[in-house]
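Notes for the one structure printed next.
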Amino acid sequence: MRKKHFIMLIAMLVLIGHAMQPFISEADAQRRPITLELNGRSLVTEVSPLLSRGHVMVPARVIFEAMGGTVAWNPATRTLSASVSGKTVQLSAGKNTAKVNGLAVSLAQPSRVVGGSLFVHARSIVEALGASADWDAARRVLSISSKTRNVIFFHPDGFGLSHWGSLRTLIAGMDGKINWDRLPHMAPYTGHMKDAITGTSHGGATVHAYGVKVQRDSFGLDGEAEITALSGKRKSIMEEAIAAGFATALIQTGSITEPGTAAFVASVKERGNHAEIARQLIESGVYIIMGGGERDMLPQGVAGRHGAGRRTDGLNLIERARQLGYTVVYTRDELMALPADVTKVLGVFASNHTFNDRTEEALRTAGLPLYVQTAPTIAEMSEKALEILSRNPKTRDRGFFMVSEEEGTDNFPNNANAPGSFEAGRRADEAFGVFADYVAKNPNTLLITAADSNAGNMNIIDAETGKNVGNVAINSNREGTNVEAPLDGIDGAGSAPFVSAKGADGQQMSFAAVWASPHDLSVGILARAKGLNAERLSALGVVDNTDIYRIMYYTLFDRWLN
Numbered sequence: 103m104r105k106k107h108f109i110m111l112i113a114m115l116v117l118i119g120h121a122m123q124p125f126i127s128e129a130d131a132q133r134r135p136i137t138l139e140l141n142g143r144s145l146v147t148e149v150s151p152l153l154s155r156g157h158v159m160v161p162a163r164v165i166f167e168a169m170g171g172t173v174a175w176n177p178a179t180r181t182l183s184a185s186v187s188g189k190t191v192q193l194s195a196g197k198n199t200a201k202v203n204g205l206a207v208s209l210a211q212p213s214r215v216v217g218g219s220l221f222v223h224a225r226s227i228v229e230a231l232g233a234s235a236d237w238d239a240a241r242r243v244l245s246i247s248s249k250t251r252n253v254i255f256f257h258p259d260g261f262g263l264s265h266w267g268s269l270r271t272l273i274a275g276m277d278g279k280i281n282w283d284r285l286p287h288m289a290p291y292t293g294h295m296k297d298a299i300t301g302t303s304h305g306g307a308t309v310h311a312y313g314v315k316v317q318r319d320s321f322g323l324d325g326e327a328e329i330t331a332l333s334g335k336r337k338s339i340m341e342e343a344i345a346a347g348f349a350t351a352l353i354q355t356g357s358i359t360e361p362g363t364a365a366f367v368a369s370v371k372e373r374g375n376h377a378e379i380a381r382q383l384i385e386s387g388v389y390i391i392m393g394g395g396e397r398d399m400l401p402q403g404v405a406g407r408h409g410a411g412r413r414t415d416g417l418n419l420i421e422r423a424r425q426l427g428y429t430v431v432y433t434r435d436e437l438m439a440l441p442a443d444v445t446k447v448l449g450v451f452a453s454n455h456t457f458n459d460r461t462e463e464a465l466r467t468a469g470l471p472l473y474v475q476t477a478p479t480i481a482e483m484s485e486k487a488l489e490i491l492s493r494n495p496k497t498r499d500r501g502f503f504m505v506s507e508e509e510g511t512d513n514f515p516n517n518a519n520a521p522g523s524f525e526a527g528r529r530a531d532e533a534f535g536v537f538a539d540y541v542a543k544n545p546n547t548l549l550i551t552a553a554d555s556n557a558g559n560m561n562i563i564d565a566e567t568g569k570n571v572g573n574v575a576i577n578s579n580r581e582g583t584n585v586e587a588p589l590d591g592i593d594g595a596g597s598a599p600f601v602s603a604k605g606a607d608g609q610q611m612s613f614a615a616v617w618a619s620p621h622d623l624s625v626g627i628l629a630r631a632k633g634l635n636a637e638r639l640s641a642l643g644v645v646d647n648t649d650i651y652r653i654m655y656y657t658l659f660d661r662w663l664n
């Protein structure tokens, strides 16, 4: 009999224990707090998460803000609104549904207010945001893994199909391949503006940054009007990425005020307002900024590392950058020697551009090199930036967005400088190697590239070995006689021809460069991509300049814009 009573007592205690489970678990949580982790990083919470009927409930604000979101709480209606991971979320106390982008999402437990904080069922809301949650009961740890994603937009300005084909012949031979060829997804690119067939550097960059057509004379604006981006927000894609908690970088071989990168965070009515563009860049919140342009960061007459400043407003943006937490470097050696704990970097590598964009003849007369010798190449800058971004906690939590530009690929062709164009192209191709290797190791990364115009439409033509290049007939005038243009050799017009790398048969060929125009032209541009969502590019068939934004936005925010 005693044995029977004992068994009944044990059974009753077990039943009582199950009935008390929600209350015991929540009390126990106060004694042994539940730990939250986001992508392996512990989150500090003022109010401990709770266990309710075996479900982990977490303070909604903590989760949303840790994932880079913004939160608003209305105590009168007991509702919480958040913008996180490119999605809008609405929660109400006492309800077992949430609204994500306006659609109802079921919650395994109703949301409730505890200690002044709105608690939400962790797994339900985390999965609705595209992340995952794993509960380790033994350790009392809830691990959240967000869907991190990275975007690299590389802009070799001015380089079209004929430029890349010419470069391939020079450095890889007629049968070889270059790094640019490693990007498997491709489509023809159309870069027209609202009011022009041919894209401009500042207008094209603005379209890439906002996803809508603008007037050709636009820099972060539509003419002089503020832009509503394709996303519906009055922010560029990089400004949205910053607000969403992504790590960011702008890498440039020209001055930092060049529009290919600067238009992603700066808006001015005049492209030539370099002082204001530089100011907006430094204040933008971008983690890594590299390029030239020291003269636009220093007051007039103030000596810098590369020359004197020319600002007339008295602002010293170098000092301002240091106040904002940037580590400032001036040379390749200083960049490579950065300590491992640095996350914010301002690289100032030249007074203006890191290259000298003049004709071969003018450079020879002035005794100037093609590129500033102490400055890092675009590949070196970009590789170091990737290393720094990879250490940034924001990259672990959300990902990163980098815009990188080789500006010499535009400026040298605009000066009909073939050796400079080839050197700029070689450097750009080296950067493609860096980016392609990174994507291969980090498949959650999109690498996408296009130029906004075709600078001079450089091409090549056979030349006689051992003989200086001459002229080529390019057109006929009204009288029917040919108009001739000088060919470019290794030292400019009338010099020895270029010699290709060896072909499959070991043969090398001599050739000269020929130019269609000193201006930017419209057609003959190819967009390419590799990595996450790269197939979206080739699926379009023809890629409009607004599609560059659209594909990048989809990768960052998981939302396809029509």
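Position in the sequence shown (first residue = 1) + 102 = my numbering. By construction, the Cβ of each residue, glycine as well, lies at the ideal position given by its N, Cα and C atoms. Fair warning: this is a prediction, and the values are worked out from it, not measured in the lab.
(Q) Helix, strand or coil for residue 257? Go by DSSP, reduced to three states. (A) strand
Using a threshold of 9 Å, state whether the C-beta atoms of residue 548 and residue 367 are closer than that.
no
- Taking Cβ to Cβ, would you say residue 640 is nearer than 9 Å to residue 392? no
Does the beta-carbon distance from residue 333 to residue 661 come in below 9 Å?
yes
Original post:
Can the beta-carbon of residue 457 be found less than 9 Å from the beta-carbon of residue 514?
Top reply: yes
Going by DSSP in three states, residue 126 sits in which element: helix, strand or coil? Here residue 126 scores only 39 on pLDDT, less than 50, and its place in the model should not be relied on; the value that follows carries that caveat. For residue 126, the secondary structure class from DSSP, reduced to helix, strand or coil, is helix.
Checklist entry - From residue 573 to residue 630, what does the alpha carbon distance come to, in whole angstroms? => result 34 Å
**Prompt:** In whole angstroms, what separates the C-alpha of residue 465 from that of residue 595?
**Reply:** Spanning the two alpha carbons is a distance of roughly 13 Å.
_Threshold first: 4 residues or longer. Then list the alpha helix (DSSP H) segments lying entirely within the stretch 534–610, N to C._
Assignment of alpha helix (DSSP H) within the stretch 534–610, counting only whole runs of 4 or more residues, yields no such run.
Notebook entry, point to check: Anyone know if the C-beta pair for residue 250 and residue 141 falls short of 9 Å?
Noted result: yes
_Here's the rule I'm using: 16 or more other beta-carbon atoms within 10 Å means buried, otherwise exposed. How should residue 233 be labelled?_
buried
Exercise. Let me know the secondary structure DSSP gives residue 656 once reduced to three states.
Key: Helix, per DSSP.
Problem set entry | Nearest neighbour of residue 571, chosen from 433, 372, 614 [CA to CA] | 614
Proximity winner among 376, 186, 424, relative to residue 499 (alpha-carbon distances):
186
List the endpoints of the continuous alpha helix (DSSP H) containing residue 312. For residue 312, the enclosing alpha helix (DSSP H) covers residues 303–312.
What does a CB cutoff of less than 7 Å around residue 126 pick up in its chain, not counting 5 residues either side in sequence?
Any reading at residue 126 needs caution, since the residue's pLDDT is 39, under 50, leaving its predicted position unreliable; the model's value is listed next. Once the five neighbours on either side are set aside, residue 126 has no close Cβ partner at all.
- Could you check which residue in 627, 643, 633, 647 has the C-alpha nearest to that of residue 267? 627
Practice problem: Run through the stretch 286–366 for me and flag every whole beta strand (DSSP E) of 3 or more residues, listed as ranges in chain order. | Solution: You should have 287–292, 349–357.
inquiry  = Rounding to the nearest angstrom, what Cα-Cα distance links residue 388 and residue 198 in this structure?
reply    = 39 Å
TODO: From the DSSP output, in three-state form, read off residue 520 for me.
DONE: helix
Practice prompt. For residue 175, collect the residues of the same chain with a Cβ closer than 6 Å to its Cβ; drop the 5 residues on either side in sequence, then sort them by chain order.
Written response: 182
Cβ atoms of residue 383 and residue 352: under 9 Å apart, would you say?
For residue 352 and residue 383, yes; Cβs fall inside 9 Å.
Rounded straight-line distance, which links the Cα of residue 195 to that of residue 235:
22 Å
Whose C-beta lies closer than 8 Å to the C-beta of residue 328 among residues of the same chain, with five residues either side of it excluded? 336, 369
Item to check | Residue environment, residue 223, which counts as buried when at least 16 other CB atoms sit within 10 Å | outcome: buried
Spatial neighbours of residue 316 within its chain, please: C-beta separation below 8 Å, excluding the five flanking residues on both sides.
295, 296, 305, 308, 309, 323, 324, 325, 329
By Cβ distance below 8 Å, which residues in the same chain neighbour residue 279 in space, the five residues on each side in sequence not counted? Here the set comprises 270.
> Quick one, are the C-beta atoms of residue 533 and residue 480 less than 9 Å apart?
Replying inline: yes
The alpha helix (DSSP H) with residue 640 in it runs from where to where? 637–642
* Asked: If you compare alpha carbons, which of 285, 149, 492, 409 is closest to residue 349?
  -> 492
Can you tell which of 272, 340, 168 has its C-alpha closest to the C-alpha of residue 599? 272
With DSSP as the reference, please indicate the residues paired to residue 663 in a beta bridge. Paired residue(s): none; residue 663 is not in a bridge.
Can you give the beta carbon distance from residue 211 to residue 154, rounded, assuming they're within the 8 Å contact cut? 6 Å
According to DSSP, which residues form a beta bridge with residue 401? Beta bridge pairing from DSSP links residue 401 with 413.
Using a Cβ-Cβ cutoff of less than 8 Å, which residues in the same chain neighbour residue 208 once the five nearest sequence positions on both sides are dropped? 198, 199, 226
Requested in this report: Please state whether DSSP places residue 165 in a helix, a strand or coil.
Outcome: DSSP places residue 165 within a helical segment (H, G or I) once states are collapsed to three.
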